[in-house]
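In my numbering, the protein residues as written are 1 to 193.
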């Protein structure tokens with residue numbers, strides 16, 4: 001892939017189609033990325049959607065056998081549903097303590113990849129909001145994992161963003177997309193994607 005096409009994708013690739021049923025069935029673990037939490041540190045509507053989706057995908061993948069896929073959530077997603085069965089938590093600071101700021105996509109992916117390598121899981125079912133799916137999948141790919149995008153609810157039917165989000169660019173979709181473009185270019189420059 002040429003540098004021009006990589007930059008083009010960073011700027012304009014928004015529609016990541018969900019994986020086929022066959023691809024979804026081949027996954028070994030569910031990984032989540034979070035939407036920003038609220039100013040009062042509550043989980044917010046986007047993380048509630050992501051927690052529900054992670055639980056549903058883990059159950060669906062089990063085929064009704066009762067067992068579920070392991071889930072490695074970002075800590076803000078776990079805050080939305082503390083009963084979510086999880087296998088490790090991504091995005092925590094040193095010593096397992098919550099950070100005073102949200103973890104970056106790179107940190108979350110590396111934390112999750114570490115758990116995956118330890119258990120020899122390579123095919124990860126990615127649960128995140130649609131505007132973030134491309135960068136999350138590209139980062140997992142760079143870390144040697146095989147990302148499989150979950151069939152996420154669209155922005156037309158789900159409310160991922162909140163006007164009470166802690167970070168200003170997470171309050172509206174258009175501001176997040178501006179930020180996401182810059183973040184993708186930065187990740188490309190740093191070699192994270």
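In this text, a Cβ means the ideal position worked out from N, Cα and C, and glycines have one as well.
Within this structure, are the beta carbons of residue i and residue j separated by less than 9 Å?
i, j, result
"residue 32", "residue 13", "no"
"residue 193", "residue 181", "no"
"residue 103", "residue 81", "no"
"residue 119", "residue 70", "yes"
"residue 92", "residue 122", "no"
"residue 136", "residue 77", "no"
"residue 58", "residue 68", "yes"
Between residue i and residue j, what straight-line distance do the alpha-carbon atoms span, to the nearest angstrom?
i, j, result
"residue 126", "residue 164", "25 Å"
"residue 15", "residue 130", "8 Å"
"residue 98", "residue 116", "The predicted model places residue 98 with a pLDDT of 49, which falls under 50 and marks its position as unreliable, so this point remains unresolved."
"residue 87", "residue 109", "14 Å"
"residue 84", "residue 36", "18 Å"
"residue 30", "residue 23", "13 Å"
"residue 40", "residue 105", "22 Å"
"residue 191", "residue 20", "29 Å"
"residue 8", "residue 2", "10 Å"
"residue 114", "residue 89", "11 Å"
"residue 187", "residue 128", "18 Å"
"residue 160", "residue 4", "31 Å"
"residue 28", "residue 10", "28 Å"
"residue 96", "residue 74", "Only weak support exists for where residue 96 lies, its pLDDT of 47 falling under 50; the value from the coordinates is given anyway. Roughly 12 Å separates the two Cα atoms."
"residue 158", "residue 49", "8 Å"
"residue 6", "residue 189", "11 Å"
Output needed for residue i: all residues of its chain with C-beta closer than 8 Å, excluding positions within five of it in sequence on either side, in chain order.
i, result
"residue 38", "44, 162, 164, 165 and 166"
"residue 133", "16, 126, 149 and 152"
"residue 178", "169"
"residue 26", "123 and 148"
Between residue i and the rest of its own chain, which residues show a CB-CB distance below 6 Å, the 5 nearest in sequence each way excluded?
i, result
"residue 151", "18"
"residue 112", "31, 72 and 90"
"residue 56", "none"
Between residue i and chain B, is the shortest Cβ-Cβ distance under 9 Å, so that the two count as touching?
i, result
"residue 158", "Protein chain content of the structure displayed is limited to a single chain, and chain B is not contained in it."
Cα-Cα, which of the options is closest to residue i?
i, options, result
"residue 173", "8, 128, 155 and 75", "155"
Within a Cβ cutoff of 7 Å, which residues of the same chain sit near residue i, ignoring the five residues on either side of it in sequence?
i, result
"residue 107", "91"
"residue 176", "131, 161, 169 and 170"
Assess, as a yes-or-no matter, whether the region 133-144 is touched by the region 45-59 under the definition of 3 or more beta carbon pairs within less than 8 Å. no
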